[in-house]
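In my numbering, the protein residues as written are 348 to 605.
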């Protein structure tokens, strides 16, 4: 469920001049390697074996958009190697669905109806859908680089730039204290184009030997979306969990080449 990531002071000239030696020293201090930060996070959440042990997960909880007065139930399924289906049910509005089957990305909601994703929007979904994406071992990643130390929320973190083979860039933020991935920054692709997105991952809890953030806050266009996870279940693959709605299945069969 990557929700992609989330995303990003100015000193006076006099202060800069006074503290030139300290600034130079800070700049000379090497930043941790991106791969080392990923490895530290993986250890902090339970280890690589815990990440790859299962082929399927289901997370349930709640979804809120406080400014819009919207709230509902959240149900997310993920499967190896890159299957995702997310459903948000909002009383009085209906269901908002989004999925990826390894080839086709799609969405359906009461406002826009069913549609297949393409172009940059499909590429982003493909890159973010990998089951074990937390390992950052994807063949879709061209490079990773630690760029700076920043503050996300109230926590200091190392900012890691990820360059994807599609040309897209996103940033992960790893806590300098706990080592956990606490959020990220990215441009999120939408039908209207790319928009800046900032995500925060907080309140980590352990489920079946693997720590997961139970609160995910996504800020897009100054609007917050808050997902609170109440349960995670893991197990063998459940293909039926990724069956698209009939309207989406029809669009897929009508695609050129199908």
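For glycine and all other residues, C-beta sits at the position ideal for the given N, C-alpha and C. Keep in mind the model is a prediction, meaning the values are calculated, not measured.
Where does residue i land, buried or exposed, given buried means 16+ other C-beta within 10 angstroms?
i	result
residue 470	buried
residue 578	exposed
residue 455	buried
residue 460	exposed
residue 473	buried
residue 433	buried
residue 533	buried
residue 519	buried
residue 564	buried
residue 586	exposed
residue 545	buried
residue 561	buried
Please report the Cβ distance between residue i and residue j, rounded to the nearest whole angstrom; I am assuming they are in contact, meaning their Cβ atoms lie under 8 Å.
i	j	result
residue 529	residue 502	6 Å
residue 393	residue 557	5 Å
residue 386	residue 491	Not quite, the Cβ-Cβ distance comes to about 12 Å (not below 8 Å), so this is no contact.
residue 468	residue 536	4 Å
residue 580	residue 458	Not a contact, Cβ separation roughly 30 Å.
residue 411	residue 436	At roughly 13 Å, the Cβ-Cβ gap does not stay under 8 Å, so residue 411 and residue 436 are not in contact.
residue 538	residue 446	Residue 538 to residue 446, Cβ: 16 Å. No contact.
residue 440	residue 423	No, residue 440 and residue 423 are not in contact; Cβ-Cβ is about 18 Å, not under 8 Å.
Select from the options the residue whose C-alpha is nearest the C-alpha of residue i.
i	options	result
residue 450	537, 428 and 391	428
residue 395	413, 484, 379 and 464	484
residue 575	381, 383 and 409	409
residue 517	497, 564, 523 and 488	488
residue 413	438, 446, 545 and 571	571
residue 543	486, 515 and 417	515
residue 523	465, 486 and 497	497
residue 466	397, 448 and 541	541
residue 573	379, 397 and 415	415
residue 379	569, 521 and 397	521
Between residue i and residue j, what straight-line distance do the alpha-carbon atoms span, to the nearest angstrom?
i	j	result
residue 367	residue 376	In this prediction, residue 367 scores a pLDDT of 38, lower than 50, which makes its location untrustworthy; the coordinate-derived value is nonetheless stated afterwards. Looking at the two C-alpha atoms, the distance is approximately 14 Å.
residue 531	residue 604	37 Å
residue 566	residue 513	24 Å
residue 475	residue 495	23 Å
residue 482	residue 399	9 Å
residue 525	residue 493	17 Å
residue 584	residue 426	6 Å
residue 507	residue 388	13 Å
residue 597	residue 452	14 Å
residue 479	residue 599	26 Å
residue 511	residue 477	13 Å
residue 595	residue 601	10 Å
residue 391	residue 505	15 Å
residue 593	residue 463	13 Å
residue 384	residue 417	36 Å
residue 402	residue 582	6 Å
residue 444	residue 589	11 Å
residue 559	residue 547	13 Å
residue 509	residue 500	21 Å
residue 486	residue 552	29 Å
residue 431	residue 448	7 Å
residue 397	residue 568	35 Å
residue 438	residue 555	31 Å
Where in the region 533 to 588 do unbroken runs of the beta strand (DSSP E), each at least 3 residues long, occur, reported from the N-terminal end onward? The qualifying runs are 540 to 554, 557 to 567 and 570 to 582.
Runs of alpha helix (DSSP H) lying entirely within the region 437 to 520, each at least 4 residues, in chain order: Entirely contained in the region 437 to 520, the alpha helix (DSSP H) runs reaching 4 residues are, in chain order, 466 to 475.
Quick check for students: name the residue ranges of the alpha helix (DSSP H) that lie wholly in the region 404 to 443, counting only runs of 4 or more. Scanning the region 404 to 443 from its first residue to its last, no whole alpha helix (DSSP H) run of 4-plus residues comes out.
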